[in-house]
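Notes for the one structure printed next.
Numbering (the numbering used here), first residue to last: -17 to 185.
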């Protein structure tokens, strides 16, 4: 669970922030269409694409792979993250980047040295929301991770429910291990959530 959550959240933040930056700074008509499609994808429930997705991954022999699961999380997390980053980046003055370009930075260096540090409130918002989502997710791992050795913590916790009995001691230990990390993360980051969502959605 820790590996999947850490890598998944990292790549969601990295790719979505770069994609949002590209969509904002390049005023192409097709970029508006791409952004609209990405935002619209948030209203599509996972259950609508669940069966085709699992079928495709099965044909590609990608089932029972943590990396396949991480790749899925990267895809499903892009819509909301790009929406939040897009709204925030629009309010960053272009003159700041132009000054960096004059000093010899290229576009990539300008993004990582100028824009990315300014995205801290939004990054924290996306970080905590995606951590809560990926860490607690049950449905997607249950479809992809078939081997007991590859199970995430929620899947392993559910395995203590037997047909005719419940093993309460390890079950409660598993529940505590599942709750504590997200509870600690939320308590330390809750002030960024409302701030980041409001700034990203309004600007």
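Virtual Cβ for every residue (Gly too), placed ideally from N, Cα, C.
Under three-state DSSP, which class holds residue i?
i, result
"residue 142", "coil"
"residue 148", "strand"
"residue 85", "coil"
"residue 42", "coil"
"residue 13", "helix"
"residue 92", "helix"
"residue 119", "coil"
"residue 72", "coil"
"residue 7", "helix"
"residue 134", "coil"
"residue 34", "helix"
"residue 27", "coil"
"residue -1", "helix"
Any idea if residue i is buried or exposed, counting beta-carbon neighbours within 10 angstroms, 16 or more meaning buried?
i, result
"residue -10", "buried"
"residue 84", "exposed"
"residue 186", "This structure leaves residue 186 out entirely; the chain is present only between -17 and 185."
"residue 169", "exposed"
"residue 183", "Bear in mind that the predicted position of residue 183 carries a pLDDT of just 49, short of 50, making it unreliable; the figure below should be weighed with that in mind. Exposed."
"residue 119", "buried"
"residue 158", "exposed"
So residue i and residue j are supposed to be a Cβ contact under 8 Å. How far apart are they, rounded?
i, j, result
"residue 21", "residue -7", "Rounded, the Cβ-Cβ distance is 20 Å, inconsistent with contact."
"residue 113", "residue -13", "6 Å"
Would you mind stating whether residue i and residue j have Cβ atoms separated by less than 7 Å?
i, j, result
"residue 82", "residue -2", "no"
"residue 68", "residue 6", "yes"
"residue 61", "residue 23", "yes"
"residue 171", "residue 110", "yes"
"residue 124", "residue 137", "yes"
"residue 143", "residue 3", "no"
"residue 79", "residue 96", "yes"
"residue 108", "residue -5", "yes"
Compare the C-beta of residue i against all C-beta atoms of chain D and say whether one is closer than 7 Å.
i, result
"residue 58", "Judged by its chain identifiers, the structure shown contains no chain D, having just a single protein chain."
inquiry  = Would the segment 90 to 106 count as touching the segment 148 to 167 if we require 3 or more Cβ pairs under 8 Å?
reply    = no
query = Can we say the segment 48 to 57 touches the segment -1 to 14, given the rule of at least three CB pairs closer than 8 Å?
reply = no
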